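Input: a single structure, listed below in structure tokens.
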Amino acid sequence: MSDHSRNMNMYFVSITVLPRKMGIDLPKCLLKIADIFSNPSHAINPVYGLKVCGEPKLIFIVRVADVAAIEHCVAEVFLQAAAEVLCQPVITYESFAQSINVAESLAGPSGKRLAEDGLFWLEFHVGYQGKTTDQLIKIWKKEAEAVFTARLKDEVSIELYKSVAQRNVHAFINAPSPEYLDALSLKLPLMLLNGANVRLNCKAVQLLENYISSVASNSV
3 MSDHSRNMNM YFVSITVLPR KMGIDLPKCL LKIADIFSNP SHAINPVYGL KVCGEPKLIF
63 IVRVADVAAI EHCVAEVFLQ AAAEVLCQPV ITYESFAQSI NVAESLAGPS GKRLAEDGLF
123 WLEFHVGYQG KTTDQLIKIW KKEAEAVFTA RLKDEVSIEL YKSVAQRNVH AFINAPSPEY
183 LDALSLKLPL MLLNGANVRL NCKAVQLLEN YISSVASNSV
């Protein structure tokens, strides 16, 4: 990671376009919003842009040196459409893992981008009723080690981000089939050792550039 990246904060931004009585040209609207977050003049470094399948929702993982850049983008979004915007500060899962003593050699950057096929967004909300904080951290360490070991062996393509000061994790994963992902979710250490306290949401997503290409070719 460059010194410049270290000086930038990371945010998870979701934008859901709201319906209008007179209707809306949704693809056109989403493309305008995508342009806002990809415009170099807005001083935002987009890490990933994604479209939630079947929903009027875009997701961005961005780095900024000044949060004013996000404020400017959100203000422009509301010039395009009524929308529900969620913005959360996040850190990389690698950074979080190292803070709970996962080896840096294991919890290093993947060096690979997510593939376009079979892409899913998993959102974990982790509680720990009946367990101490130390017990939770031990479980979470096992979880992180399992995930990064699988990624290091090229068994899984995954990028994860943890919400700052919250027990929430956003995971973006390539899976060969929904059945594979369903089975995998039940084998995670976090589920095996603390499953009663974990709430998991799953959405199919696509890379934003793929959605833009499909709109351009009139295939949506």
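In the numbering used here, the protein residues as written are 3 to 222. Cβ atoms here follow ideal geometry from the backbone N, Cα and C, with glycine treated the same way. In this text the structure is predicted, and so the values were computed from the model without any measurement.
(1) Once the 5 residues before and after Ser4 are set aside, which same chain residues still bring their CB inside 6 Å of it?
(2) Span of the alpha helix (DSSP H) holding Leu194?
(3) Can the beta-carbon of Asn170 be found closer than 9 Å to that of Val158?
(4) Do you know offhand how far His6's Cα is from Met24's?
(5) In terms of residue numbering, what span does the beta strand (DSSP E) encompassing His172 cover?
(6) Starting from Val87, trace the beta strand (DSSP E) in both directions and tell me its first and last residue.
(7) Less than 9 Å between the C-beta atoms of Lys114 and Asn196, yes or no?
(8) Checking 9 Å against the spacing of the C-beta atoms, do Leu194 and Phe126 come in under that value?
(9) Between Lys143 and Val92, is the Cβ-Cβ spacing less than 9 Å?
(10) Between the Cα of Leu209 and those of Phe39, Ile38, Leu60, Ala45, spot the shortest distance and give me the residue it belongs to.
(11) Sort Gln168, Ser43, Arg65 by Cα distance to Val49 and report the nearest one.
(12) Taking its Cβ as the centre, do 16 or more other Cβ atoms sit within 10 Å of Lys164, making it buried, or is it exposed?
(13) Evaluate Pro21 with the Cβ neighbour count: other Cβ atoms within 10 Å of its Cβ, from every protein chain shown; 16 or more gives buried, anything less gives exposed.
(14) Gln208 bridges to which residues according to DSSP?
(15) Are there 16 or more other CB atoms within 10 angstroms of the CB of Leu32, so buried, or fewer, so exposed?
(16) Rounded to whole angstroms, what is the Cα-Cα separation between Ala85 and Val19?
(17) For the beta strand (DSSP E) that contains Arg65, what are its first and last residues?
(18) Do you know offhand how far Leu188's Cα is from Gly56's?
(19) Contact defined as beta carbons within less than 8 Å: I believe Asn47 pairs with Met10. What is the distance between those atoms, to the nearest angstrom?
(20) At the level of alpha carbons, what is the spacing between Ala236 and Glu96?
(21) Start and end of the alpha helix (DSSP H) containing His2?
(22) Distance check for Ala77 and Tyr182, CA to CA, integer angstroms please.
Reading it off the structure:
(1) Here residue 4 refers to the residue found at position 2 of the sequence shown. Only weak support is given to the placement of Ser4: the predicted model assigns it a pLDDT of 48, under 50, and the value that follows is read from those uncertain coordinates. Setting aside the 5 residues that flank it on each side, Ser4 has no residue in the same chain whose C-beta is closer than 6 Å to its C-beta.
(2) Locating residue 194 in the sequence shown gives position 192, where the first residue counts as 1. According to the DSSP assignment, Leu194 belongs to the alpha helix (DSSP H) that extends over 191 to 196.
(3) By one-based count along the sequence shown, residue 170 stands at place 168. By one-based count along the sequence shown, residue 158 stands at place 156. Cβ atoms of Asn170 and Val158: not closer than 9 Å.
(4) On the sequence shown, residue 6 is found 4 positions in, with the first residue counted as 1. On the sequence shown, residue 24 is found 22 positions in, with the first residue counted as 1. With a pLDDT of only 49 at His6, under the threshold of 50, the placement of this residue in the model should not be trusted, and no figure is reported.
(5) For this step, residue 172 is matched to residue 170 along the sequence shown. 170 to 176 is the extent of the beta strand (DSSP E) around His172.
(6) In the sequence shown, residue 87 corresponds to position 85, counting from 1. According to the DSSP assignment, Val87 belongs to the beta strand (DSSP E) that extends over 85 to 94.
(7) Taking the first residue of the sequence shown as position 1, residue 114 is located at position 112. Taking the first residue of the sequence shown as position 1, residue 196 is located at position 194. Contact flag unset, no.
(8) Within the sequence shown, the letter at position 192 stands for residue 194. Within the sequence shown, the letter at position 124 stands for residue 126. Their beta carbons are not under 9 Å apart, which means Leu194 does not touch Phe126 by this criterion.
(9) In the sequence shown, counting from the first residue as 1, residue 143 sits at position 141. In the sequence shown, counting from the first residue as 1, residue 92 sits at position 90. It is not a contact, given that the beta carbons lie outside the stated cut-off.
(10) Walking along the sequence shown from the start, residue 209 turns up at place 207. Answer by Cα proximity: Leu60.
(11) By one-based count along the sequence shown, residue 49 stands at place 47. Comparing Cα-Cα distances from Val49 to each of Gln168, Ser43, Arg65, the minimum goes to Arg65.
(12) Indexing the sequence shown from 1 puts residue 164 at position 162. Lys164 should be labelled buried.
(13) By 1-based counting over the sequence shown, the position of residue 21 is 19. An exposed status is given to Pro21, since fewer than 16 other beta-carbon atoms sit within 10 Å of its beta-carbon.
(14) Translated into positions along the sequence shown, residue 208 becomes position 206. Bridge partners of Gln208: Lys53.
(15) Sequence index remark: in the sequence shown, residue 32 carries index 30 (1-based). Burial check for Leu32: the Cβ neighbour count within 10 Å reaches 16 or more, so the residue is buried.
(16) Reading the sequence shown from its first residue, position 83 is the one you call residue 85. Reading the sequence shown from its first residue, position 17 is the one you call residue 19. The straight-line gap separating the alpha-carbon atoms of Ala85 and Val19 is approximately 4 Å.
(17) Within the sequence shown, the letter at position 63 stands for residue 65. For Arg65, the uninterrupted beta strand (DSSP E) run begins and ends at 59 to 66, by DSSP.
(18) In the sequence shown, the residue the question calls residue 188 occupies position 186. In the sequence shown, the residue the question calls residue 56 occupies position 54. Taking the CA atoms as reference points, Leu188 sits about 25 Å from Gly56.
(19) Residue numbering aside, residue 47 sits at position 45 when the sequence shown is read from its first letter. Residue numbering aside, residue 10 sits at position 8 when the sequence shown is read from its first letter. That pair is a contact at about 7 Å.
(20) Nothing in the structure corresponds to residue 236, since the chain is present only between 3 and 222.
(21) Nothing about residue 2 can be read from this structure; the chain reaches only from 3 to 222.
(22) Within the sequence shown, residue 182 is the residue found at index 180, counting from 1. Within the sequence shown, residue 77 is the residue found at index 75, counting from 1. Near 40 Å, if we compare the C-alpha coordinates of Ala77 and Tyr182.
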